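Next up, the structure:
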C-alpha cells in the first residue's frame with residue numbers, strides 16, 4: 007500500500023487533505039460543502055462521543071433531542087444571536103415537490119409554500135428556550151442540565167474536511183439555573199471538562215481562557231474556550247462554553263418563582279464541541295507517514311499481522327495468536343488479527359501505519375520457533391522483540407507510554423511556540439516568521455483588535471485564565487493594558 011503523502015514541510019494543507027482521505031476518515035460528498043464520514047473516521051468520533059458523554063453524565067447532565075427545524079421568528083427574538091448567524095442559515099420555504107409539466111424532472115410546488123419559513127438549525131438556543139418556557143415554573147425545576155448530540159448546518163462557502171463543513175456533527179449543552187453564580191460556574195465547569203477530555207483522551211494540550219468581546223458566541227455575556235496549537239503554528243478553537251446571562255430567558259419569557267415567591271428570569275449556559283476535534287487530533291500528532299492516534303481514541307489499538315507461507319503455516323500462527331487476541335480483549339484492549347490472504351504483510355504494515363494503529367504485532371515462522379513476537383509502536387516507529395509470556399504486559403505498558411508521550415510532545419511544541427512580543431514590530435515578525443501563540447499586551451478595545459487582525463490576519467485566541475495581572479502598554483495603540491492575551495493565526 008503506497009501512502010505517497012505530501013510532506014508536511016512541503017504543503018501542510020495538502021498533507022492534511024490527503025491524509026484524511028487516504029486514511030479512510032472522510033471524503034467530500036455529492037452535496038457541496040458536506041462530507042461523508044467513513045467507518046474508520048466515525049469509529050474515532052464514536053470513541054470521542056462515548057468519553058465525553060460519560061463526562062457529561064458524571065457532572066449531572068442528561069441527553070435529550072430537539073427538532074432540526076427552527077421557525078424563523080424564533081431567531082429574531084434575540085437580536086445579537088440572529089445577527090451572529092443570519093449569513094450562515096439554510097432556509098426551508100416549501101414542503102412539497104411535483105413533476106415538471108415540461109417533463110424536466112421535478113420542481114418545487116409553488117402552492118406548497120410554508121406559512122413561516124423554517125431554519126435548519128445552526129445552533130439550538132432558540133428552539134430550546136422556547137421549550138424551556140413550558141418546562142420551568144419554579145426554582146424546584148432548576149437546575150435543568152441537558153445536552154443533545156446532533157447535526158447542525160452553517161452555510162460555509164470555503165470548506166475543509168472536519169475543520170469547516172456546511173453540515174457537521176456536535177453536541178450542544180443547554181442549561182438553566184436559578185442564580186447568576188450557578189450559571190457562571192456551570193459555564194466554567196464545562197470548559198474544564200472539555201480541557202480534561204482534550205488532554206486526557208486526545209493527548210492535546212490546551213490553553214484555557216476567555217474570548218474577547220468580538221470573538222464571543224452571539225448572544226453570550228462571556229465565552230470560555232480551550233485553544234490548541236497545530237503543527238503548522240496555527241491555533242484551533244477546540245471547544246467553547248458560554249455564559250448567556252438572562253438574554254435568552256428574557257427573549258423567550260422564561261421566568262420562575264424563586265424561594266421567596268418572586269418571579270425572576272432564568273440564568274443560562276450553552277456549550278459545545280464538534281467534529282472539528284477530529285481535525286485537531288489529526289493535526290496535533292500525525293506525521294509524514296500518516297495518522298498517529300492516541301491509544302484511548304484508536305478504534306484498533308493493536309493489530310496482529312501474520313507473516314506466513316501457505317495455509318498450514320497460517321493455521322499454526324493463528325493457533326498461537328487467537329488466545330493472545332482473546333487475552334488482550336479481556337484486558338479491555340481492542341485488537342484485530344489481520345489474516346487476509348489478499349494482501350502481503352508489507353501492504354498491511356503500511357496500511358496500519360497510515361491509519362495510526364498504536365501497536366503492531368508481527369509473528370512469522372521464526373517467531374513461532376523462538377516463542378517471540380515483534381512489536382512496533384506508531385509514535386516512535388520503534389521495533390523490538392518480546393517473549394510470548396511478556397506480550398500482554400509489553401502492550402499495556404506501550405499503550406500507556408504512547409498516550410503520555412503524545413501529550414508530552416505536543417506540550418513541548420506548544421511551549422516552544424508560545425512567545426512574547428513587546429512591540430508591534432516584534433509582534434508582526436513573530437506572527438509572520440514563526441506563527442504559534444504570541445503573548446502581547448492589548449488595550450481591550452475592539453478597534454485595536456480589528457486593526458491587528460486586518461494587518462496581520464492574527465486574532466485574539468483567548469485571554470488566558472492563568473495569566474497574572476500585568477500592567478503594560480498595548481503593542482498597537484500604546485494605551486494602558488492590564489494583561490497579555492494570546493494572538494495567533496487560526497483555523
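Residue numbers (the working numbering): 7 to 497.
Note that CB positions come from ideal geometry on N, CA and C, so glycine has one too.
Given the structure is predicted, the values throughout are model-derived calculations rather than measurements.
Segment limits, beta strand (DSSP E) that includes residue i
{"i": "residue 383", "result": "378 to 383"}
{"i": "residue 261", "result": "261 to 263"}
{"i": "residue 389", "result": "389 to 393"}
{"i": "residue 251", "result": "241 to 251"}
{"i": "residue 271", "result": "269 to 271"}
{"i": "residue 41", "result": "41 to 43"}
{"i": "residue 445", "result": "443 to 447"}
{"i": "residue 180", "result": "173 to 183"}
{"i": "residue 99", "result": "96 to 100"}
{"i": "residue 154", "result": "150 to 159"}
{"i": "residue 234", "result": "228 to 235"}
{"i": "residue 369", "result": "365 to 369"}
The alpha helix (DSSP H) enclosing residue i, as first and last residue numbers
{"i": "residue 2", "result": "Nothing about residue 2 can be read from this structure; the chain reaches only from 7 to 497."}
{"i": "residue 31", "result": "Counting along the chain, residue 31 falls outside any alpha helix (DSSP H), and DSSP gives it neither H nor E."}
{"i": "residue 312", "result": "That residue, residue 312, is in no alpha helix (DSSP H); its beta strand (DSSP E) goes 308 to 312."}
{"i": "residue 412", "result": "397 to 422"}
{"i": "residue 186", "result": "186 to 206"}
For residue j and residue i, the rounded distance between their alpha carbons
{"i": "residue 356", "j": "residue 387", "result": "12 Å"}
{"i": "residue 331", "j": "residue 43", "result": "28 Å"}
{"i": "residue 481", "j": "residue 197", "result": "29 Å"}
{"i": "residue 432", "j": "residue 289", "result": "27 Å"}
{"i": "residue 456", "j": "residue 219", "result": "12 Å"}
{"i": "residue 302", "j": "residue 409", "result": "7 Å"}
{"i": "residue 255", "j": "residue 190", "result": "15 Å"}
{"i": "residue 204", "j": "residue 72", "result": "27 Å"}
{"i": "residue 187", "j": "residue 248", "result": "13 Å"}
{"i": "residue 489", "j": "residue 14", "result": "35 Å"}
{"i": "residue 131", "j": "residue 37", "result": "27 Å"}
{"i": "residue 35", "j": "residue 80", "result": "31 Å"}
{"i": "residue 391", "j": "residue 496", "result": "43 Å"}
{"i": "residue 106", "j": "residue 115", "result": "9 Å"}
{"i": "residue 94", "j": "residue 263", "result": "37 Å"}
{"i": "residue 83", "j": "residue 305", "result": "44 Å"}
{"i": "residue 341", "j": "residue 125", "result": "44 Å"}
{"i": "residue 451", "j": "residue 493", "result": "14 Å"}
{"i": "residue 157", "j": "residue 379", "result": "44 Å"}
Close Cβ partners of residue i (< 6 Å) along its chain, the five nearest in sequence each way excluded
{"i": "residue 251", "result": "227"}
{"i": "residue 361", "result": "29, 297"}
{"i": "residue 518", "result": "Because the chain here runs from 7 to 497, residue 518 falls outside it and cannot be looked at."}
{"i": "residue 285", "result": "168, 169"}
{"i": "residue 327", "result": "310, 343"}
{"i": "residue 419", "result": "none"}
{"i": "residue 323", "result": "312, 314, 369"}
{"i": "residue 26", "result": "32, 167"}
{"i": "residue 491", "result": "448, 466, 469"}
{"i": "residue 463", "result": "495"}
Cut-off 7 Å between Cβ atoms - residues of its own chain near residue i, not counting five sequence neighbours on either side
{"i": "residue 377", "result": "393, 394"}
{"i": "residue 417", "result": "211"}
{"i": "residue 99", "result": "119, 120, 123"}
{"i": "residue 319", "result": "371"}
{"i": "residue 354", "result": "311, 344"}
{"i": "residue 401", "result": "308, 334, 339, 365"}
Residue j beta carbon less than 8 Å from that of residue i
{"i": "residue 75", "j": "residue 241", "result": "no"}
{"i": "residue 96", "j": "residue 161", "result": "yes"}
{"i": "residue 199", "j": "residue 61", "result": "yes"}
{"i": "residue 69", "j": "residue 155", "result": "yes"}
{"i": "residue 300", "j": "residue 209", "result": "yes"}
{"i": "residue 31", "j": "residue 21", "result": "no"}
{"i": "residue 171", "j": "residue 39", "result": "yes"}
{"i": "residue 478", "j": "residue 447", "result": "yes"}
{"i": "residue 385", "j": "residue 411", "result": "yes"}
{"i": "residue 333", "j": "residue 398", "result": "yes"}
{"i": "residue 87", "j": "residue 225", "result": "yes"}
{"i": "residue 195", "j": "residue 404", "result": "no"}
{"i": "residue 57", "j": "residue 207", "result": "yes"}
{"i": "residue 381", "j": "residue 214", "result": "no"}
{"i": "residue 275", "j": "residue 192", "result": "yes"}
Beta carbon proximity, residue i to chain D, threshold 8 Å
{"i": "residue 68", "result": "No chain D is part of this structure, which consists of one protein chain only."}
Cβ neighbours of residue i in the same chain (closer than 8 Å, five flanking residues each side left out)
{"i": "residue 461", "result": "434"}
{"i": "residue 430", "result": "481, 482"}
{"i": "residue 272", "result": "138, 142, 148, 182, 183, 184, 252, 255, 260, 261, 262"}
Residue i Cβ short of 7 Å to the ligand PLP heavy atom set
{"i": "residue 40", "result": "With respect to small molecules bound, the structure shown includes none, and the ligand PLP cannot be examined in it."}
Open item on the list: Assess contact between the region 173 to 187 and the region 261 to 281, defined as three or more Cβ pairs (one per stretch) separated by less than 8 Å. Is contact present?
Closed with: With the cut-off at 8 Å, the region 173 to 187 and the region 261 to 281 touch.
TODO: Assess, as a yes-or-no matter, whether the region 180 to 191 is touched by the region 138 to 152 under the definition of 3 or more beta carbon pairs within less than 8 Å.
DONE: yes
TODO: Assess, as a yes-or-no matter, whether the region 362 to 369 is touched by the region 307 to 327 under the definition of 3 or more beta carbon pairs within less than 8 Å.
DONE: yes
Open item on the list: Within 8 Å, do at least three Cβ pairs link the region 228 to 237 to the region 120 to 139?
Closed with: no
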